[in-house]
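Trainee: The UniProt record's numbering numbers the first residue of the sequence shown as 1 and each following residue consecutively.
All C-beta atoms, glycine included, are put in the ideal place defined by N, C-alpha and C.
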Amino acid sequence: MRLLGELNHANGFRIDERNERVHAATTRNPSNQIHQLYEPMEDEISLLDLAITLAKHKRLIIGMPIAVALIAGIVTLFIPNTYKATTKIFPIGGKNVSTEIYVSLLKSEPVADSLVKRFKLQTAYNRATPEDAREQLIDVTQIALDKKDGTIGVNVSDHSGKLAAAIANGYADQLRQISEQLPITEASTRRISLEKQQVRAQQELIDAETALADFKAQSGDVGVNGNIEAYVKSSMALKAQIAAKEVELAFLRNGDDTMKNASYVRLQQEVNSLWSELGKVEGGSLLTGNFTKPQLDYLRLVKEQSYAQTNAMELRKQVALARIEESNNAANFQILQKAAIPDRPSSPQRSKIILIAALASVFLAVLWAFITEALQHAKQDPESSKQFQLLQRYLKWN
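#1: For residue 311, does the count of other Cβ atoms within 10 angstroms reach 16, so buried, or fall short, so exposed?
#2: Between which two residues does the beta strand (DSSP E) holding residue 158 run?
#3: When the distance is taken between beta carbons, is residue 306 closer than 8 Å to residue 233?
#4: From the DSSP output, in three-state form, read off residue 65 for me.
#5: Would you decide whether residue 65 is buried or exposed? Buried here means 16 or more other CB atoms lie within 10 Å of its CB.
#6: Since residue 388 is in the alpha helix (DSSP H), which residue starts that stretch and which ends it?
#7: Compute the beta-carbon to beta-carbon distance between residue 465 and residue 314, rounded to the nearest angstrom, for a pair I have assumed lies under 8 Å.
#8: Would a C-beta distance cut-off of 8 Å place residue 357 and residue 67 closer than the cut-off?
#9: May I have the straight-line CA-CA distance separating residue 150 from residue 99, to the nearest angstrom?
#10: Cβ of residue 119 within 8 Å of Cβ of residue 163?
#11: Given a cut-off of 8 Å on the beta-carbon distance, is the pair residue 263 and residue 83 in contact?
#12: Look up residue 340 in the DSSP assignment and say whether it is helix, strand or coil.
#13: Measuring alpha carbon to alpha carbon, tell me which residue in 127, 205, 148 and 112 is nearest residue 142.
#14: Assuming residue 204 and residue 308 form a contact by the criterion Cβ under 8 Å, report the distance between their Cβ atoms to the nearest whole angstrom.
#15: Nearest to residue 190 by alpha carbon, out of 139, 122 and 322?
#16: Among the residues of its own chain, which have a CB less than 6 Å from the CB of residue 348, if the five just before and after it don't count?
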């Protein structure tokens with residue numbers, strides 16, 4: 001309550017003084033004295049006042065930016081230069097290959113680990129572990145896809161321009177190497193699966209031939225008719241071909257577009273034809289009559305050997321075709337811009353730093369000049385002086 005009373009008393013004193021001045025002015029010239037009185041009050045700070053304030057503090061306003069600019073220039077001399085090297089990659093791609101796959105591969109840890117090992121970045125970055133060096137490499141590398149032209153930019157920054165260019169080009173080398181190793185296309189996936197099946201089929205053929213040879217060595221001629229043996233081989237060969245073709249059909253199934261796939265339709269017709277031929281062969285079966293146990297064992301081994309032989313042969317053909325398809329649809333890219341050793345550092349931008357520091361100091365110097373001038377005028381004004389004293393009193397804690 002005491003504070004409010006003192007503030008009201010001070011404000012009342014100022015209002016009474018202003019009213020007396022207005023009354024005196026209107027008494028002398030009622031027509032225009034009020035306008036002349038209030039006009040300077042409404043425009044208390046003129047351009048001339050600003051110019052006077054700036055001129056008064058010209059040494060601070062001019063000297064401070066110069067000093068700050070000199071200090072900033074000296075400081076930037078101790079900041080080591082950083083060079084940026086750029087490699088641009090244009091993904092040609094293949095069937096069902098997305099451009100984002102290349103970006104993901106470039107950002108993958110295996111690529112970074114390979115570069116750390118290749119360029120000995122643990123030593124170059126002075127890091128305790130390869131993982132720390134990898135994190136440092138990720139921090140200084142920018143990999144981005146340009147949506148406009150579809151190119152991938154790889155930017156690497158380092159205090160050594162030569163190392164920055166080498167690492168940027170190393171990313172392209174690692175991308176080519178890892179894209180050849182990973183099955184990033186459907187053709188690659190198919191080829192890898194068929195190669196695994198081929199290995200198993202080849203081992204099954206070796207086992208079947210070994211078992212048949214061992215049986216012949218132990219039992220000799222068991223008296224099986226040659227026509228019967230030929231029939232068994234023909235039947236099992238057809239079954240092996242059907243099995244191999246059906247495996248190939250499984251890769252060609254692609255949802256609603258399956259029946260529109262010409263290769264699928266052609267292969268399905270081949271399978272149907274093989275089934276029809278197998279039906280004819282087995283329809284006139286020669287496996288009638290009584291057979292001894294050695295003869296049945298022999299025919300079983302002949303079946304296994306014939307099936308394994310045909311299956312291995314069919315898989316060899318499919319693997320060869322899959323490799324051709326993979327080559328045609330392989331993921332591919334071109335190097336549009338190979339990283340060169342940069343001549344000029346990308347940072348620090350010394351002139352920019354000095355300019356910003358100088359402009360900031362000019363602003364601070366001008367601000368300080370106006371604040372100082374305002375405080376001086378406030379102390380000279382009796383009314384403001386009372387307000388300052390009141391403010392100082394209530395800022396105290398005791």
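Mentor: Quick look at the numbers:
#1: It is buried - the Cβ of residue 311 has at least 16 other Cβ atoms within 10 Å.
#2: Element bounds for residue 158: 152 to 158.
#3: The answer is yes: Cβ separation under 8 Å.
#4: helix
#5: buried
#6: 382 to 395
#7: Past the boundaries of the shown model lies residue 465; the chain is included only from 1 to 398, so the question cannot be answered.
#8: no
#9: 8 Å
#10: yes
#11: no
#12: coil
#13: 112
#14: 5 Å
#15: 322
#16: Only 76 and 79 meet the Cβ criterion.
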